[in-house]
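Written below as structure tokens is the structure these notes are about.
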Amino acid sequence: MRRRDFIKGIVGSATAWPLVARAQQGEHMRRIGVLMNIGADDPEAPALVGAFSQGLAEAGWIIGRNARIDYRWYQGNPEAARAYAAELLALTPDIILASATPGTMAVKQLTRTIPIVFAIVADPVGSGIVDSLARPGGNITGFMNYDFSFGGKYLDLLKEIAPHVTRVAVFRDDTNTASVAIFSAIQAMATSAGLQVTPVNVRNSDEIASAVEAFAHSPNGGALVTGTALNNTVHRDLILKLIARYKLPAIYNDRFSVPDGGLISYGPDLADQFRRAAGYVDRILKGEKPGDLPVQAPTKYELVINLKTAKALGLTVPQSLLARADEVIE
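Structure follows, in structure tokens:
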């Protein structure tokens, strides 16, 4: 089955779920709203939606029998996130799953009572989403996708696969407090790695193109694409195109950029976050309070390498790095 048809089947079947539910006598239907930071046809969508549905099923929540899911896809657009958050809340869900910081903030600003579970949020405390990681408080909890100490890990991996790199363009969203904090952490670690970092802001395509062109004029450059909605969704194709045009060895937070020509990626297993989020949804629907459930950090990370891209860049990937990879694209 094609990926697009798979997603349309999941989203479109929402209209049929109430009919199925009426046939199941004695079952109490619980409504779950899901606000996704990507598009329904994004290459990440099947893995994330599938992991969440699987996690719910393992906990006994069967779509169409005792659970209905309403999806909305805001594709990294904060205005769309606010509009879709309002749509979901108008459906009076029992709980909402929100992905990424813009979607989580949009839902949090509209309700203090409906439970919220978030996923793929970089800095939930710094963003004001929760009071603390151990005791989030209020009606919200979830899963963070970034440990600032990993800024050094990205730089080390980039140097390992491209030892000649001395300058790194770091793609960031300067309107996002978490993205700014991530850049600061990377900048602080760059000196010890013998690297000079330059920010590339990603507010619009013209700004990205001019910044990358200016950076690429000097030799020994590389790139680090951090995990933000603008990087991984809105401007993903443009960033991949520019990095390929200027032949910059690059490391990505998003593994889905590597099959499309990215050199290497390292980051949390996002499907695992959605699977674990289903566990929190289950516990809250069964009576636990979200504010009492600690925010959790990633437990699984993935390293993906594209040997075709390495060859095109004239790079020889060390066997020690290949041995650690979760996936190698040849």
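In terms of the working numbering, the sequence shown has 123 at position 125, counting the first letter as 1, and numbering is strictly consecutive.
Note that CB positions come from ideal geometry on N, CA and C, so glycine has one too.
Helix, strand or coil, according to DSSP, for F141 in the structure here? strand
Looking at the structure shown, is V198 part of a helix, part of a strand, or coil, going by DSSP? strand
Can I114 and I94 be called in contact, C-beta distance under 8 Å? yes
Taking DSSP as the reference, what is the three-state secondary structure of Y244? coil
For G192 and P161, what's the separation of their Cα atoms in angstroms? 11 Å
Please name the residue in G149, E85, Q73, A179 whose C-alpha comes closest to that of S125. A179
Three-state secondary structure (DSSP) of R110: Shown here, R110 sits in coil according to DSSP, grouped into three states, outside any helix or strand.
Ignoring anything shorter than 4 residues, give me the alpha helix (DSSP H) runs that lie fully in the segment 208 to 276, in order along the chain. Assignment of alpha helix (DSSP H) within the segment 208 to 276, counting only whole runs of 4 or more residues, yields 234 to 243 in chain order.
Which same chain residues, not among the five before or five after A78, have their C-beta less than 8 Å away from its C-beta? Y72
What residues match up with F181 in a beta bridge as DSSP calls it? Partner(s): none; F181 has no beta bridge.
So the candidates are F181, S190, G136, D121; which of them puts its Cα closest to the Cα of D154? S190
Host alpha helix (DSSP H) of S97 (start-end): Premise fails: S97 lies in the beta strand (DSSP E), 93 to 97, not in any alpha helix (DSSP H).
Is it buried or exposed for N334, if we count other Cβ within 10 angstroms and need 16 for buried? No answer is possible for residue 334: it lies beyond the span of the chain, which begins at -1 and ends at 328.
Kindly indicate which three-state DSSP category D40 falls into: helix, strand or coil? coil
Complete runs of the beta strand (DSSP E) confined to the segment 22 to 87 [at least 3 residues]: 28 to 34, 65 to 71
At least 3 beta-carbon pairs within less than 8 Å: the segment 286 to 293 vs the segment 54 to 70: no
From the DSSP output, read off the bridge partner residues of I327. N304
Can you grab the Cα-Cα spacing for the pair G150 / K157, in whole Å? 11 Å
With distances taken between CB atoms, is the gap from L33 to Y82 smaller than 8 Å? yes
Rounded to whole angstroms, what is the Cα-Cα separation between L131 and T99? 15 Å
Take G135 and list the residues in its own chain whose beta-carbon comes closer than 8 Å to its own, dropping the five residues that flank it on each side. Here the set comprises V128, D129, G289.
Locate the alpha helix (DSSP H) running through F169, then write down its first and last residues. Note, F169: premise wrong, no alpha helix (DSSP H); beta strand (DSSP E) at 165 to 170.
Less than 8 Å between the CB atoms is what I'm expecting for L87 and I112, so what's the real figure, rounded? Approximately 7 Å separates the beta-carbon atoms of L87 and I112; this is inside 8 Å, confirming the contact.
State the start and end residues of the unbroken alpha helix (DSSP H) segment that holds A347. Any property of residue 347 remains undetermined from this structure, which presents the chain solely from -1 to 328.
First and last residue of the uninterrupted alpha helix (DSSP H) at K284: Here K284 belongs to no alpha helix (DSSP H), and DSSP marks it neither H nor E.
Measuring alpha carbon to alpha carbon, tell me which of A43, A321, T226, G31 ends up nearest M142. T226
Cβ shell of V195 (< 7 Å), same chain only, five flanking positions each side left out: V166, V168, I184, Q185, A188
Tell me the DSSP bridge mates of A117? Bridge partners of A117: S97.
Could you tell me whether the segment 276 to 286 touches the segment 299 to 314, where touching means 3 or more Cβ pairs closer than 8 Å? The segment 276 to 286 vs the segment 299 to 314: no contact.
With DSSP run on the structure shown, which of helix, strand or coil describes T314? DSSP places T314 in coil when its eight states are reduced to three.
Buried or exposed, going by whether 16 or more other CB atoms sit within 10 Å of the CB of S177? buried
7 Å Cβ shell around D324 - same chain, five flanking residues per side excluded: E300, L301, V302
Enclosing alpha helix (DSSP H) for I159 [first to last residue]: 148 to 159
At the level of alpha carbons, what is the spacing between L320 and L108? 46 Å
If contact is defined by three or more beta carbon pairs under 8 Å, each pair taking one atom from either stretch, is the segment 223 to 237 in contact with the segment 304 to 311? no
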